[in-house]
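According to this note's numbering, the sequence shown holds residues 48 to 231 in order. The beta-carbon is built from N, C-alpha and C at its ideal position, and this holds for glycine as well. A quick write-up on the structure given underneath.
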Amino acid sequence: MRNKSGIFMVGCLGFIGLLVLIAIITAAVVWGQRGTAIALDEQIKSQHVANKSNYDNMWKRFKEMAQVTDMQADDIKKVYTDLIAGRYTDTQVLFKVVQEQNPHMSKDLYTKLQNEISSARTEFDRNQKKIADQVREYNTHIRKHVLMNAIFHFQTMDAEKFIITSDRTSDAYQTGKDNEVKLR
Numbered sequence: 048m049r050n051k052s053g054i055f056m057v058g059c060l061g062f063i064g065l066l067v068l069i070a071i072i073t074a075a076v077v078w079g080q081r082g083t084a085i086a087l088d089e090q091i092k093s094q095h096v097a098n099k100s101n102y103d104n105m106w107k108r109f110k111e112m113a114q115v116t117d118m119q120a121d122d123i124k125k126v127y128t129d130l131i132a133g134r135y136t137d138t139q140v141l142f143k144v145v146q147e148q149n150p151h152m153s154k155d156l157y158t159k160l161q162n163e164i165s166s167a168r169t170e171f172d173r174n175q176k177k178i179a180d181q182v183r184e185y186n187t188h189i190r191k192h193v194l195m196n197a198i199f200h201f202q203t204m205d206a207e208k209f210i211i212t213s214d215r216t217s218d219a220y221q222t223g224k225d226n227e228v229k230l231r
């Protein structure tokens with residue numbers, strides 16, 4: 048009998064050891080899944096801050112470039128105003144104006160501003176899509192790992208909270224309709 052109780056005891060200890068091993072492995076897997084969820088969450092937060100910075104930088108560049116064209120227009124306006132005013136006080140000014148090369152506004156500034164707007168908007172759109180994809184990845188991760196989420200209670204995120212859009216876009220999605228863009 049003693050032998051049977053010894054075997055039974057070893058069997059029980061083996062079973063308990065197996066349960067402890069399964070518990071340790073499960074805890075390690077769940078802890079790893081939690082770490083991945085936290086890393087994805089932090090990645091989304093970081094990308095959101097980067098998107099804010101990109102958006103701010105984009106608008107500052109647009110304004111600064113537009114100021115250059117405004118300054119050029121003001122300078123040309125001042126030159127022409129002085130030239131026209133001088134015509135009436137000095138009869139030779141008209142002759143000088145014809146002989147001199149008059150200042151002109153460069154179309155290159157407008158082309159450069161247009162290119163800057165286009166490239167900055169494309170870059171911002173790419174960043175918006177990146178954070179939307181990160182939110183999708185996070186939500187998929189926490190929804191797939193039910194046990195981890197039951198223990199740690201992660202909440203899904205709404206990508207809409209991280210995306211910048213316009214009234215026009217919101218209205219189009221609300222109504223399901225949009226009109227063509229009128230440039231003039």
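* How would you label PHE62, buried or exposed, when you count the other beta carbons within 10 angstroms and need 16 or more for buried? -> Translated into the one-based positions of the sequence shown, residue 62 becomes position 15. So PHE62 ends up on the exposed side.
* To do: Look up ILE211 in the DSSP assignment and say whether it is helix, strand or coil.
  => Within the sequence shown, the letter at position 164 stands for residue 211. Coil, per DSSP.
* Select from VAL67, TRP78, ALA70 the residue whose C-alpha is nearest the C-alpha of PHE199. => The residue given as residue 199 occupies position 152 in the sequence shown. Checked all of VAL67, TRP78, ALA70; the closest Cα to PHE199 is TRP78.
* Asked: Where does THR203 fall in DSSP's three states?
  -> Your numbering for residue 203 matches position 156 in the sequence shown. THR203: coil per DSSP, three-state reduction.
* To do: Take ASN162 as the anchor and find which of ALA113, ASP214, SER100 has the nearest alpha-carbon.
  => The sequence position of residue 162 within the sequence shown is 115, counting from 1. Checked all of ALA113, ASP214, SER100; the closest Cα to ASN162 is ALA113.
* Sequence-distant residues of its chain with Cβ nearer than 6 Å to PHE201 (five each side left out) -> Indexing the sequence shown from 1 puts residue 201 at position 154. In the same chain as PHE201, and ignoring 5 residues on each side of it, the C-beta atoms closer than 6 Å to its own belong to ALA84, ILE189, in chain order.
* Would you report the Cα separation of MET195 and LEU66, rounded to the nearest angstrom? -> The count along the sequence shown starts at 1 and reaches residue 195 at position 148. The count along the sequence shown starts at 1 and reaches residue 66 at position 19. About 19 Å.
* **8 Å contact criterion, which LEU87 and TYR185 should meet: CB distance rounded** => The sequence position of residue 87 within the sequence shown is 40, counting from 1. The sequence position of residue 185 within the sequence shown is 138, counting from 1. About 4 Å separates the two Cβ atoms, so the contact holds.
* Asked: Leaving out the 5 sequence neighbours to the left and right, which residues in its chain are closer than 8 Å to GLN181 when beta-carbon positions are compared?
  -> In the sequence shown, residue 181 corresponds to position 134, counting from 1. Closer than 8 Å at Cβ, skipping near neighbours: LEU87, GLN90, ILE91, GLN94.
* To do: Could you work out which residue in ASP172, ARG183, THR222 is closest to MET105 when comparing CA atoms only?
  => By one-based count along the sequence shown, residue 105 stands at place 58. Closest option to MET105, Cα to Cα, is ASP172.
* From ALA206, ILE72, ILE69, LYS124, pick the residue whose C-alpha is nearest to that of GLN175; which is it? -> The count along the sequence shown starts at 1 and reaches residue 175 at position 128. That would be ALA206, whose Cα lies nearest to the Cα of GLN175.
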